[in-house]
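Start counting the sequence shown at 700; every next residue gets the next number (the working numbering).
The C-beta atom is built at its ideal place from N, Cα and C for all residues, glycine as well.
Each remark here refers to the structure printed beneath this line.
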Amino acid sequence: MNEQPTFVTHLECGLHGDRYEADTIQGLSRAGKPLLVRYDLEALGRSVTREALASRPADLWRYREFLPVRRSENVVSLGEVHTPLIRLAKLQPGKGELLVKDEGRLPTGSFKARGLCMAVSMARELGITRVAMPTNGNAGAALAAYATRAGIESYVFCPDDTPEINVREIAAQGAKVWRVNGLIHDCGRIVGEGKQAMGWFDFSTLKEPYRIEGKKTMGLELADQLGWNVPDVIFYPTGGGTGLIGMWKAFQELQAIGWLGDKLPRMVAVQAAGCAPIVKAFEEGAEHAELWQDAHTVASGIRVPVAIGDFLILRAVRESHGFATAVDDDAILQARDEVARQEGLLLCPEGAATYAAYRQELAAGRVSPEETAVLFNCATGLKYPLPEVHRTLDCRRPIDYEALAHE
Ligand SMILES: *Cc1c(COP(=O)(O)O)cnc(C)c1O
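Below, the structure is given as structure tokens:
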């Protein structure tokens, strides 16, 4: 009675294409690579129309035929609303629209909610009761929230310089969280090594198949919002790359069922200059990226020295005729201040990196002012340290009001 119309046929190794059974617990492929969920797209395309979707609530579950959850009772939700596309009218350089998709409106304040609501719903469907994850902050917060809601126990490990707010929100939402004196891949090693002893299911980025499917809804939703169209170019702040891989998968699935034309957007992977393994691999023409040494950046969400889905990110970037590019921390913070001051929109540092990259590539001629560009702001700017304010006012003394304008 609660069976959802779902069209999952099997899982597939992202590198070699060998098949794996769905409806059973799966981690990585035999080759140790991410698994991708495959659907019967023909049957899916016959079962639903764009008009039918339009009459459903404007949230992530609108796209349920494209998603893996079979039984609606397993859906774990905190209200995954559609996020707005906000035009940067003042900063737009030409006729092409410059739009920010503001993912900070989602539960737990970041787009990690998209991936984790799906992965946790599937964990519930498959009977998983205990999970562990390495995180730079936002993924851990989303896991904590959804796992707690689902009655699943969660263990979270973050680098010890993870923003304080993230560590606290993870704990507040019911996960067990530890600060680790290393980077995210060191935290990942702890999860891997502790699995046996603790009976953890490994929720690391791309080590379970369903987070991508949640992130895929960014692409479905974006096309839906643009009237089943796509922009010319998408700037995406890239760490583990689930969002970029997921969006590219969405566009390909939509194309396969005939909802999009031939033109797909160029996908631009944006990284921080202090941690840019994908940019380096892209420029060298490599299929895989090497571990980035001494990774550092204020944009903690994209401080990922090694990504298990590197080849999938690089493939999407190349297939789409996009590119990978890096911006330094000064440019990131300047971009954040510029967008906030000019447009009243506070971006997170990772989101600000996409605006900095957009300006840089506009100057370099790799994107034109006539093109429609979408920048992804993947978390609320409120979770991050903001510039200090030093002005004070003594209410017990006479105030020179005119002078306030010049301070
Ligand atoms: C996780 C995160 C990213 C990177 O996302 P991936 O899809 O894993 O590359 C970017 N920005 C923010 C704010 C994040 O939390």
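Starting from the N-terminal side, write out each stretch of the beta strand (DSSP E) that is 3 residues or longer and does not extend beyond the segment 714-790.
-> 734-738 and 784-786
Out of curiosity, what's the CA-to-CA distance linking residue 916 and residue 785?
-> 18 Å
Measure the alpha-carbon distance for residue 799 versus residue 1032 and round it to whole angstroms.
-> Distance between the alpha carbons of residue 799 and residue 1032: 17 Å.
Taking DSSP as the reference, what is the three-state secondary structure of residue 709?
-> strand
Answer yes if the segment 879-893 comes into contact with the segment 802-813, meaning at least three C-beta pairs across the two stretches below 8 Å, and no otherwise.
-> no
Within the present structure, is the beta-carbon of residue 1001 separated from the nearest heavy atom of ligand 1 by less than 6 Å?
-> yes
Residue 837: CB within 6 Å of a non-hydrogen atom of ligand 1 = Because some heavy atom of ligand 1 lies under 6 Å away, the Cβ of residue 837 counts as near it: yes.
Own chain residues within Cβ distance below 6 Å of residue 700, not counting five before or after = With a pLDDT of 39 at residue 700, under the threshold of 50, the modelled position of that residue is not reliable, and the figure given next carries that caveat. Nothing listed; no residue qualifies.
Using only the heavy atoms of ligand 1, determine whether one of them is closer than 6 Å to the beta carbon of residue 941.
-> yes
Inter-residue CB distance, residue 1026 and residue 1063 (contact presumed, cutoff 8 Å) | Residue 1026 to residue 1063, Cβ: 12 Å. No contact.
Which residue from 732, 731 and 736 puts its Cα closest to that of residue 722?
-> 736
Looking at the unbroken alpha helix (DSSP H) that takes in residue 892, where does it start and where does it end?
-> 883-897
Evaluate residue 865 with the Cβ neighbour count: other Cβ atoms within 10 Å of its Cβ, from every protein chain shown; 16 or more gives buried, anything less gives exposed.
-> Answer is buried; the Cβ neighbour count reaches 16.
Within this structure, are the beta carbons of residue 883 and residue 835 separated by less than 7 Å?
-> yes
Own chain partners of residue 1110 with C-beta closer than 7 Å, once the 5 adjacent residues on each side are dropped = The chain is shown from 700 up to 1106; residue 1110 falls before or after that span and cannot be answered.
Identify the residues that DSSP records as bridge partners of residue 829: which are they?
-> For residue 829, the beta-bridge partners assigned by DSSP are 852.
Can you tell which of 885, 1104, 790 and 854 has its C-alpha closest to the C-alpha of residue 871?
-> 854
How many angstroms separate the CA atom of residue 974 from the CA atom of residue 760?
-> Residue 974 and residue 760 have their C-alpha atoms roughly 34 Å apart.
Could you tell me whether any non-hydrogen atom of ligand 1 is closer than 6 Å to the CB of residue 834?
-> no
Meets three-Cβ-pair contact criterion under 8 Å: the segment 1078-1089 and the segment 1036-1051 = yes
Run of the alpha helix (DSSP H) containing residue 1103, from where it starts to where it stops | 1100-1103
Of the residues 926, 1024 and 930, which one's Cα is nearest the Cα of residue 753?
-> 926
Assign residue 700 to one of three DSSP states: helix, strand, or coil.
-> A caution first: residue 700 carries a pLDDT of 39, below 50, which makes its placement in the model unreliable, though a value can still be read off. In this structure, residue 700 counts as coil in the three-state DSSP scheme.
Starting from residue 967, follow its DSSP beta bridges and name the residues at the other end.
-> 934 and 1022
Run the proximity test for residue 920: is its beta-carbon closer than 6 Å to any non-hydrogen atom belonging to ligand 1?
-> Result no, Cβ not under 6 Å from ligand 1.
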